[in-house]
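*Asks:* Residue numbers (my numbering), protein chains in the order written: chain Y, 758 to 906; chain A, 758 to 906. Note that the Cβ used here is the ideal one computed from N, Cα and C, for glycine as well.
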DNA sequence: TAAATTATTGAACAATATTCAGATATTAAG
DNA sequence: CTTAATATCTGAATATTGTTCAATAATTTA
């Protein structure tokens, strides 16, 4: 068979989905055209960023998940956004947050296995400005993207 | 006006979306019926858990985000799933991971503001079995759910 | 109060997901 | 290798759904 999974999964992970207006309308018993109006307003107001699929990552070759707690070196304190965006720009990176507390960045990553996770971490975190990285490896994801696994 | 946002946002945050088969088909130049077949297969195989909207949480009264790094007390080491599921079962909780490393759990939370975040943390984390909580407050989300903000 | 803007809604339309049946490819068995 | 069985692919037809439009109602502003 044609390997469409390799194309479909990255597409659906980032978008290519749409709200089910008729089903929402039926569920909350409002006219579908009212739901349509409201959803489009949420989009125009920039409140909705997009629509996407949520995967069971253990079943799509992304079962190895971890958090990198990052300390920045003093010279990047003034502008953590630049390095954050560089980190975010990797497909293995699920989320990046600039934080207060013991670490400046919290980065969530997903890879196929330990080997690929290790090589991703090395590649992504070997940047000038990163002083220290503390890795927490996830043994089991209980909830992700607001959806319980 | 009817406040449909209060109903729509929780619905779209967890589901009520669907893949855009025709658009995928056009993009990768395959028959839409083939895409349909493949997507349904992904669903049957349990690889796709659902379809949902991603929000700009700063614009929907969930702008305050943080991570709780949790240490469990020795008596819960043997069964961290139970307490993890209790934690996951709160609407403020975006993700829960059982980890190795310096903390047993990593919990991502979203609330309206500092006050509501504080009350959520107190409510969620005051459980027997939780030994210690280290909170990291997000000042800015750069990427979330694989989507850059 | 009156005017203007914003929200709601049903009917008509266009686009899309889904079903179905036949064709093709792949795998398993002899 | 050949045949049978199974799985995948695909176009045509259908049913469902998102979208547009125009008219009405509600809300806000002057």
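According to the neighbour-count rule (16 or more other Cβ atoms, all chains shown, within 10 Å of its Cβ), is residue 854 of chain Y buried or exposed?
*Replies:* Classification of residue 854 of chain Y: buried, given that the 10 Å Cβ count is 16 or more.
*Asks:* On the DSSP letters alone, give me the boundaries of the beta strand (DSSP E) that residue 898 of chain A sits inside.
*Replies:* Residues 887 to 901.
*Asks:* Tell me which residues share the same chain as residue 851 of chain Y and place their Cβ nearer than 7 angstroms to its Cβ, disregarding the 5 neighbours each side in the sequence.
*Replies:* If we look at residue 851 of chain Y and ignore the five residues flanking it on each side, its Cβ neighbours are 865, 866 and 867.
*Asks:* Between which two residues does the beta strand (DSSP E) carrying residue 775 of chain Y extend?
*Replies:* Where residue 775 of chain Y is concerned, the enclosing beta strand (DSSP E) stretches over 774 to 776.
*Asks:* State buried or exposed for residue 803 of chain Y, treating a residue as buried only when at least 16 other CB atoms are found within 10 Å of its CB.
*Replies:* With fewer than 16 other Cβ atoms within 10 Å, it is exposed.
*Asks:* For a contact meaning CB atoms closer than 9 angstroms, what does residue 769 of chain A contact in chain Y?
*Replies:* 776, 781, 796, 799, 805 and 808
*Asks:* Is the segment 868 to 880 of chain A in contact with the segment 828 to 841 of chain Y, if contact means three or more CB pairs nearer than 8 angstroms?
*Replies:* no
*Asks:* Going by the DSSP bridge assignment, what does residue 849 of chain Y pair with across the sheet?
*Replies:* For residue 849 of chain Y, which the question treats as bridged, DSSP gives no partner whatsoever.
*Asks:* Taking all protein chains shown into account, do 16 or more other C-beta atoms lie within 10 angstroms of the C-beta of residue 794 of chain Y, making it buried, or fewer, making it exposed?
*Replies:* Exposed, because fewer than 16 other Cβ atoms sit within 10 Å of the Cβ of residue 794 of chain Y.
*Asks:* Can you list, in chain order, the residues of the segment 816 to 842 of chain Y whose Cβ is nearer than 9 angstroms to any Cβ on chain A?
*Replies:* 816, 817, 822, 823, 824, 826, 837, 838, 841 and 842
*Asks:* How would you list, in chain order, the residues of chain Y whose beta-carbon sits under 8 angstroms from the beta-carbon of residue 857 of chain A?
*Replies:* Within 8 angstroms Cβ-Cβ: 893, 894 and 896.
*Asks:* For residue 904 of chain A and residue 768 of chain Y, I'd like the C-alpha separation in whole angstroms.
*Replies:* 12 angstroms
*Asks:* At the 9 angstroms Cβ level, is residue 789 of chain A part of the contact set with chain Y, yes or no?
*Replies:* Residue 789 of chain A has a beta carbon lying at 9 angstroms or more from every beta carbon in chain Y.
*Asks:* DSSP three-state label for residue 809 of chain Y, please.
*Replies:* DSSP places residue 809 of chain Y in strand when its eight states are reduced to three.
*Asks:* For residue 763 of chain Y, does the three-state DSSP call read helix, strand or coil?
*Replies:* helix
*Asks:* Helix, strand or coil for residue 865 of chain Y? Go by DSSP, reduced to three states.
*Replies:* strand
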